[in-house]
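S.K.: I'd like to ask some things about the structure below.
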Amino acid sequence: MTIRFIHAADLHLGSPFKGFAGLPGKMAEAVRESTFTAFRNMINYAAGTRPDFLLIAGDVYDGEDRSLRAQEQFRQGMETLREAGVPVFVSHGNHDHLAGSWVRFTLPENVRVFGPEVETAELTVRGTTVKIHGFSYPERHVTEPVIRHYPEAEGEAVEIGMLHGSIRGDEAHDVYAPFSKDELLGKGYDYWALGHIHKRQVLHEQPPIVYPGSLQGLHRKESGVKGFYDVTVAQGAAALEFVPAGALVFGKAEVDCRGIRHADEWLDRCMDRIRAFREANGPGLLDLGLTGIDEESDALFGEAPESEWMEFIREAAMRDCPDVGIHRITWERAAVPAVPGGLFRDVLDELEGWDKDGWKSRLSDLYGHRQAYRFTGRLDEESIREIREEAERLLTDGLMKGGRAE
1 MTIRFIHAAD
11 LHLGSPFKGF
21 AGLPGKMAEA
31 VRESTFTAFR
41 NMINYAAGTR
51 PDFLLIAGDV
61 YDGEDRSLRA
71 QEQFRQGMET
81 LREAGVPVFV
91 SHGNHDHLAG
101 SWVRFTLPEN
111 VRVFGPEVET
121 AELTVRGTTV
131 KIHGFSYPER
141 HVTEPVIRHY
151 PEAEGEAVEI
161 GMLHGSIRGD
171 EAHDVYAPFS
181 KDELLGKGYD
191 YWALGHIHKR
201 QVLHEQPPIV
211 YPGSLQGLHR
221 KESGVKGFYD
231 VTVAQGAAAL
241 EFVPAGALVF
251 GKAEVDCRGI
261 RHADEWLDRC
271 MDRIRAFREA
281 NGPGLLDLGL
291 TGIDEESDAL
301 FGEAPESEWM
311 EFIREAAMRD
321 CPDVGIHRIT
331 WERAAVPAVP
341 GGLFRDVLDE
351 LEGWDKDGWK
361 SRLSDLYGHR
371 QAYRFTGRLD
381 EESIREIREE
391 AERLLTDGLM
401 KGGRAE
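As structure tokens, then:
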């Protein structure tokens with residue numbers, strides 16, 4: 001007997017998409033619509049291929065308030081799957097937990113939403129019993145090991161666990177509903193459908209323990225192609241096929257600026273990288289990292305404000321690759337000028353001396369704000385590194401320009 005299903009997670013419908021000011025109108029609209037576009041791509045695939053069921057392992061919505069538009073888009077998608085005869089099993093995660101405040105919608109009868117405690121849903125697929133175990137977050141912060149409440153497998157049924165959470169001890173992410181791989185394997189399930197981590201990864205091959213990643217990248221740190229898994233379980237083993245669904249791909253390309261003396265040379269090199277990105281990834285948002293900036297190229301770049309260079313390359317990209325937007329440019333200058341009194345080094349030493357708690361303390365008003373969190377995200381090690389690097393870049397640029405303001 002073969003069972004086939006789709007495993008998706010972290011749809012984040014209605015994400016506000018922070019930090020994309022300045023993009024051309026059509027590209028800005030594509031960014032704002034990208035979570036909905038990715039969702040429709042998944043729905044169309046499911047309706048067309050008709051799996052036995054669909055699993056969504058947490059964070060259907062980006063926020064606990066669940067906007068009317070996001071809910072209506074989701075309801076319409078579920079109605080499409082009802083017409084196609086596809087059952088859907090949904091758990092809510094830390095972003096769209098059950099304690100939020102939102103206007104209720106009635107979902108079609110093909111949708112089963114798990115409650116705040118671990119429960120089991122059963123269905124029969126061509127004579128085979130399938131048991132799906134899961135829960136929805138009763139509140140935003142679920143730090144207890146909910147895995148302890150999942151039942152062990154029994155009998156001949158195909159058993160699947162849905163869990164929105166992270167591996168215990170994972171310092172790269174906020175820990176929610178922590179678990180260990182051994183705890184998951186100890187339940188004896190045929191498949192673990194995980195959510196919460198936006199990077200696609202398989203923690204264990206057989207039985208599979210799988211994060212499908214987010215359906216659509218939400219910011220430049222979530223680079224690469226996004227989508228979901230089409231899973232087939234047969235004779236006690238599972239096969240996974242990744243299906244791209246994201247509307248836009250976030251990426252970065254480096255542009256070697258050594259020896260550049262004229263603006264058209266720079267434009268040609270940038271466009272080569274933009275075209276290569278488009279060919280490899282399709283529509284997307286690209287960061288350009290300008291490397292190898294030597295005396296000649298630095299003199300060229302100094303003849304116009306950085307904002308003008310940005311406008312220049314954005315217009316060129318829109319002419320040649322209209323579905324690739326330039327998100328930002330980083331100017332990676334190698335030389336750091338000497339500063340009387342070591343002011344530059346003093347400032348950097350102060351920044352580097354702050355540990356994670358120090359950064360959190362100094363940025364608590366911003367990152368700890370209940371509403372601002374939707375736009376800032378969490379302050380993790382990568383965010384701290386990026387803030388520090390950006391501060392260093394601004395200091396370096398200011399010093400190399402003699403303190404002139406653009």
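Under my numbering, the first residue of the sequence shown is numbered 1, with each subsequent residue one higher. Glycine included, every Cβ here is placed at the ideal spot set by N, Cα and C. Just so we're clear, the structure is a prediction, and the values are computed from it rather than from any experiment.
On the CB-based measure, 16 or more other CB atoms within 10 Å of its CB, does G77 come out buried or exposed?
M.R.: Buried is the label assigned to G77, since at least 16 other Cβ atoms lie within 10 Å of its Cβ.
S.K.: Would the segment 93 to 103 and the segment 130 to 144 be scored as touching if the rule is three or more Cβ pairs under 8 Å?
M.R.: Three or more Cβ pairs drawn from the segment 93 to 103 and the segment 130 to 144 lie within less than 8 Å of each other, which places the two stretches in contact.
S.K.: To which residues does DSSP link Q201 through a beta bridge?
M.R.: DSSP, once it has assigned bridges, lists Y211 as partnering Q201.
S.K.: Can you tell me whether N281 is buried or exposed, with buried defined as 16 or more other CB within 10 angstroms of its CB?
M.R.: buried
S.K.: Taking 8 Å as the limit between beta carbons, can you name the residues of its chain near L267, skipping five residues before and five after?
M.R.: F312, I313 and A316
S.K.: DSSP three-state call for G217: helix, strand or coil?
M.R.: coil
S.K.: Within 10 Å of its beta-carbon, does D190 have 16 or more other beta-carbons around it, so buried, or fewer, so exposed?
M.R.: D190 is buried by the Cβ-count criterion.
S.K.: Taking buried to mean at least 16 other C-beta atoms within 10 Å of its own C-beta, is R333 buried or exposed?
M.R.: Under this definition R333 is a buried residue.
S.K.: DSSP on W192, reduced to helix/strand/coil?
M.R.: strand
S.K.: Nearest by alpha-carbon distance to D62: which of L218, R4, G48 and G302 is it?
M.R.: L218
S.K.: Count Cβ pairs between the segment 102 to 110 and the segment 147 to 163 that sit closer than 8 Å; are there 3 or more?
M.R.: Result no; under three Cβ-Cβ pairs closer than 8 Å.
S.K.: Under the assumption that R258 contacts G213 (Cβ atoms under 8 Å), give the Cβ distance between them as a whole number of angstroms.
M.R.: Not really, about 36 Å apart at Cβ, beyond 8 Å.
S.K.: From the DSSP secondary-structure annotation, give me the bridge partner or partners of I414.
M.R.: Summary: the structure shown does not reach residue 414, with the chain confined to residues 1 through 406, and so no result is reported for it.
S.K.: Please classify K131: is it buried, with 16 or more other beta-carbons within 10 angstroms of its beta-carbon, or exposed?
M.R.: buried
S.K.: Please look up how many angstroms separate the CB atoms of G22 and R69, rounded, as I've assumed it's under 8 Å.
M.R.: Their Cβ separation, rounded to whole angstroms, is 24 Å, which puts G22 and R69 out of contact at 8 Å.
S.K.: Identify every residue that forms a DSSP beta bridge with I132.
M.R.: A121 and I160
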